[in-house]
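Trainee:
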Amino acid sequence: MAKKKSKINIFLPEIIGKGYGHFWKSEKRYRVLKGGKGSKKSTTTALNYIYRLMKYPESNLLVVRAVFNTHKDSTFAQLKWAQEKLGVSHLWQNNVSPMEMTYKPTGQKILFRGFDDVLKLASTTVSKGYLCWVWVEEAFEIKSEEDFDKLDLSVPRGNVPCGLFKQTTLTFNPWSAEHWLKKRFFDKKNDSVDVYTTNYTVNEFLDETDKMIFKRMKEENPRKYDVAGLGNWGISEGLVYENWVVHDFDIEQFMKSQNYKAFFGLDYGYTNDPTAFIAFFADPIKKEIYIFDEFYGYKMLNSDIAKMIKSKGYIKERIRADAAEPKSNEDLRRMGIGRLQSSVKGRDSVINGIMAVQEYKMYVHPKCKNTIGELSAYSYKKDASGRGINEPEDNNNHLMDALRYAFYDVRFFTPENKYEKRKPTKQEYYDMKQALTPEDMKGEWF
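If you count by the numbering used here, then the sequence shown holds residues 1144 to 1589, one letter each, in order.
(1) Let me check one thing: in DSSP terms, what residues is Lys1404 bridge-paired to?
(2) What is the C-beta distance between Phe1357 and Tyr1343, in whole angstroms, given that I count them as a contact (C-beta under 8 Å)?
(3) So, helix, strand or coil for Met1398, using DSSP?
(4) I'd like to know if the segment 1267-1278 and the segment 1293-1306 are in contact, where contact means that at least 3 CB-CB pairs between them fall below 8 Å.
(5) Could you tell me the distance, in whole angstroms, from the CA atom of Arg1300 to the CA atom of Ser1202?
(6) Can you tell me whether Gly1496 is helix, strand or coil according to DSSP?
(7) Which of the three DSSP states is assigned to Val1206 in this structure?
(8) Taking 8 Å as the threshold, find out whether the segment 1404-1423 comes into contact with the segment 1436-1445 through three or more Cβ pairs.
(9) Report the option in Glu1284, Phe1555 and Asn1495 whose CA atom is closest to the CA atom of Gly1516.
(10) Per DSSP, Asn1238 forms a beta bridge with which residues?
(11) In this structure, what does DSSP give as the bridge partners for Glu1671?
(12) What are the boundary residues of the alpha helix (DSSP H) that Tyr1194 is part of?
(13) Would the segment 1301-1312 count as touching the segment 1164-1174 if we require 3 or more Cβ pairs under 8 Å?
(14) For Tyr1433, which option in Ile1497, Asp1337, Leu1546 and Glu1534 has the closest C-alpha, if you only look at C-alpha atoms?
(15) Are Asp1537 and Arg1463 touching if we call contact CB-CB under 8 Å?
(16) For Lys1524, does the three-state DSSP call read helix, strand or coil?
(17) Can you find the residues in the same chain that come closer than 7 Å, C-beta to C-beta, to Tyr1246, ignoring five residues on each side of it along the sequence?
(18) On the DSSP letters alone, give me the boundaries of the alpha helix (DSSP H) that Lys1384 sits inside.
(19) With DSSP as the reference, label Met1543 as helix, strand or coil.
(20) Identify the residues that DSSP records as bridge partners of Leu1483: which are they?
(21) Name the DSSP bridge partner or partners of Leu1294?
(22) So, are the CB atoms of Tyr1192 and Leu1229 less than 8 Å apart?
(23) Relative to the alpha-carbon of Tyr1503, which residue among Gly1531, Asn1533 and Glu1385 has its alpha-carbon at the smallest distance?
(24) So what does DSSP say about Tyr1273, is it helix, strand or coil?
(25) At the level of alpha carbons, what is the spacing between Ala1371 and Val1206?
(26) Does Arg1300 come out as helix, strand or coil in the three-state DSSP assignment?
(27) When the Cβ atoms of the segment 1484-1493 are set against those of the segment 1344-1352, are three or more pairs found closer than 8 Å?
(28) If Phe1258 and Ala1209 are in contact, beta carbons under 8 Å, what's the gap, nearest whole angstrom?
(29) Could you pull out every residue in the same chain whose Cβ sits closer than 6 Å to the Cβ of Phe1329, ignoring the five residues on either side in sequence?
(30) Work out the CA separation of Glu1243 and Ser1519 for me, nearest whole Å.
(31) Less than 8 Å separating the beta-carbons of Pro1535 and Ile1497?
(32) Anyone know if the C-beta pair for Asp1391 and His1541 falls short of 8 Å?
(33) Please state whether DSSP places Gly1257 in a helix, a strand or coil.
(34) For Met1398, does the count of other Cβ atoms within 10 angstroms reach 16, so buried, or fall short, so exposed?
(35) According to DSSP, what are the bridge partners of Thr1312?
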């Protein structure tokens, strides 16, 4: 005789809060949710799926992200938190290897996959019940509609019994209005799709310090507030950099390649502006940049910055840092960052640096969230009549500045089987000599 399940009563307003009633109940084939930071979209989705799986004993869930190894600290942790929040942790078995969750009373599964293993993704099955639900978290990272279609044609699959339904849920931050997600799900009405936009104003669980972040963002950076705060689509016109995509790539493979070299940039900040560090591979023949690492932090002392660089393993790398901070540059050298050099700031260096970077196609690793955010919002100024001018806004540019600093050195390398240094021209030498400190001039070019 089957053991009778104990009933668990859930009072949604107390646990989930407001703003998600329709989303919670939707049974349409696609449930698409874009939202700003702090909008509780991911936590609400996690709660919803734990609740649903326990309600529908024949259901199973597949959770997908662009890169498999990002699940552990995101979706896996969120679903585990949801179990605890609903008071049902004792009914679930959570395994990291292989990564899956099992509802003990019935054997239902939550499986985790990544688009970095398409074959494994397409062949996903369950031994009990139906794999009827899919959650694509951070769907903005899925670079093409064709990749999504591969998943959509494979899972969920087959007919499901009466009372159960097939559904794919996509959650994401709407960084760019040019993304395929907007065209497919938001630009045209489709009876099989429920779309939602949410933001921090429906999250009653935020404290005052959280709300102050958005208040300051609204006052100081309205364009970023519109996307990161309110969950509206990122701008599609006037962006400084348009030729970029979010793309998962094998970092180790690039490190071994003779055709790509790593470059590193650092922009200082403290209270209102972040300290920003960026790392990328570049090939000046193919005109490609692969951004593979970043750091974004507030109120960092120079000692904190040195510790961060050391912890990332970049202590022996050549790093271009803001020339406006000679004291900080010298401090970092004394702390062991011996190859750090000042950026080159000659006449029109910002515009010229931007133009040089614009010649390259940029690929951004999904883990570089702040880089994605800045690339999505870094835009040109407009004149009084609303026309764009050839001068960037002084916003959303901390990692972008660090990128420019580091990019200056790309011109001195040409891959011919392996990278060989090129000596600066007289003008380049003059620009560097004008910009650098005596300590900098002990570097590789002098």
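Think of the CB as a built atom: it goes at the ideal place given N, C-alpha and C, for glycine as much as any other residue.
What you are looking at is a predicted structure, and each value in this text was computed from that prediction instead of being measured.
Mentor: Reading off the structure:
(1) Position 261 of the sequence shown holds residue 1404. DSSP, once it has assigned bridges, lists Ala1425 as partnering Lys1404.
(2) Counted from its first residue, the sequence shown places residue 1357 at position 214. Counted from its first residue, the sequence shown places residue 1343 at position 200. Yes, they are in contact, since the Cβ atoms of Phe1357 and Tyr1343 sit about 6 Å apart, within 8 Å.
(3) Here residue 1398 refers to the residue found at position 255 when the sequence shown is read from its first residue. Met1398 falls in the helix class under three-state DSSP.
(4) By the C-beta criterion, the segment 1267-1278 is judged to be in contact with the segment 1293-1306, since at least 3 inter-stretch pairs fall below 8 Å.
(5) Within the sequence shown, the letter at position 157 stands for residue 1300. Within the sequence shown, the letter at position 59 stands for residue 1202. Straight-line spacing of the CA atoms in Arg1300 and Ser1202 works out to 12 Å.
(6) For the purposes of this step, residue 1496 is taken as residue 353 along the sequence shown, with counting starting at 1. Helix.
(7) As a working note, residue 1206 is residue 63 in the sequence shown. Val1206 carries a strand assignment under DSSP once its states are collapsed to helix, strand and coil.
(8) Yes, the segment 1404-1423 is in contact with the segment 1436-1445.
(9) Here the question's residue 1516 lines up with position 373 in the sequence shown. Selected option, being the one with the closest Cα: Glu1284.
(10) Reading the sequence shown from its first residue, position 95 is the one you call residue 1238. Looking at the DSSP assignment, Asn1238 forms a beta bridge with Glu1243.
(11) Limits of the chain in this structure are 1144 at one end and 1589 at the other, which puts residue 1671 out of reach.
(12) As a working note, residue 1194 is residue 51 in the sequence shown. In the DSSP assignment, Tyr1194 falls within the alpha helix (DSSP H) that extends over Lys1184 to Lys1198.
(13) Counting Cβ pairs under 8 Å, three or more are found: they touch.
(14) Taking the sequence shown and counting its residues from 1, one reaches residue 1433 at position 290. For Tyr1433, the nearest C-alpha among the options comes from Leu1546.
(15) Walking along the sequence shown from the start, residue 1537 turns up at place 394. Walking along the sequence shown from the start, residue 1463 turns up at place 320. No.
(16) Counting from one through the sequence shown, the residue named residue 1524 turns up at place 381. Here Lys1524 carries a strand assignment [DSSP, helix/strand/coil].
(17) Here residue 1246 refers to the residue found at position 103 of the sequence shown. Correct list, in chain order: Leu1196, Met1197, Leu1234 and Trp1235.
(18) Here residue 1384 refers to the residue found at position 241 of the sequence shown. Position check: residue 1384 holds Tyr in this sequence, whereas Lys was assumed. Careful: Tyr1384 lies outside any alpha helix (DSSP H) and carries neither H nor E.
(19) Taking the sequence shown and counting its residues from 1, the one referred to as residue 1543 is at position 400. Here DSSP, grouped into helix, strand and coil, assigns Met1543 to helix.
(20) Locating residue 1483 in the sequence shown gives position 340, counting from the first residue. Its beta-bridge partners are Ile1462.
(21) As a first step, residue 1294 must be located in the sequence shown, where it is residue number 151. BP columns for Leu1294 are empty, so no partner.
(22) Here the question's residue 1192 lines up with position 49 in the sequence shown. Here the question's residue 1229 lines up with position 86 in the sequence shown. Cβ atoms of Tyr1192 and Leu1229: not closer than 8 Å.
(23) Indexing the sequence shown from 1 puts residue 1503 at position 360. Of the candidates Gly1531, Asn1533 and Glu1385, the one whose C-alpha sits nearest the C-alpha of Tyr1503 is Glu1385.
(24) Position 130 of the sequence shown, counting from 1, holds the residue named residue 1273. Here Tyr1273 sits in strand by DSSP.
(25) In the sequence shown, counting from the first residue as 1, residue 1371 sits at position 228. In the sequence shown, counting from the first residue as 1, residue 1206 sits at position 63. In a straight line, the C-alpha of Ala1371 is about 24 Å away from that of Val1206.
(26) The sequence position of residue 1300 within the sequence shown is 157, counting from 1. When secondary structure is reduced to three states using DSSP, Arg1300 falls in the coil class, being assigned neither helix nor strand.
(27) No: the two stretches stay apart, fewer than three of their Cβ pairs being nearer than 8 Å.
(28) By one-based count along the sequence shown, residue 1258 stands at place 115. By one-based count along the sequence shown, residue 1209 stands at place 66. Yes, they are in contact, since the Cβ atoms of Phe1258 and Ala1209 sit about 5 Å apart, within 8 Å.
(29) Residue numbering aside, residue 1329 sits at position 186 when the sequence shown is read from its first letter. Answer for Phe1329: Val1338, listed in chain order.
(30) Translated into positions along the sequence shown, residue 1519 becomes position 376. Translated into positions along the sequence shown, residue 1243 becomes position 100. About 34 Å.
(31) The residue labelled residue 1535 in the question sits at position 392 within the sequence shown. The residue labelled residue 1497 in the question sits at position 354 within the sequence shown. Yes. Within cutoff.
(32) For the purposes of this step, residue 1391 is identified with residue 248 of the sequence shown, where counting begins at 1. For the purposes of this step, residue 1541 is identified with residue 398 of the sequence shown, where counting begins at 1. Taking a C-beta distance under 8 Å as the contact criterion, Asp1391 and His1541 do not qualify as a contact pair.
(33) Here residue 1257 is taken as the residue at index 114 of the sequence shown, counted from 1. Assignment of Gly1257 by DSSP, reduced to helix, strand and coil, places it in the strand class.
(34) Position 255 of the sequence shown, counting from 1, holds the residue named residue 1398. Result: exposed.
(35) Walking along the sequence shown from the start, residue 1312 turns up at place 169. Answer is Arg1174 and Trp1278, bridged to Thr1312.
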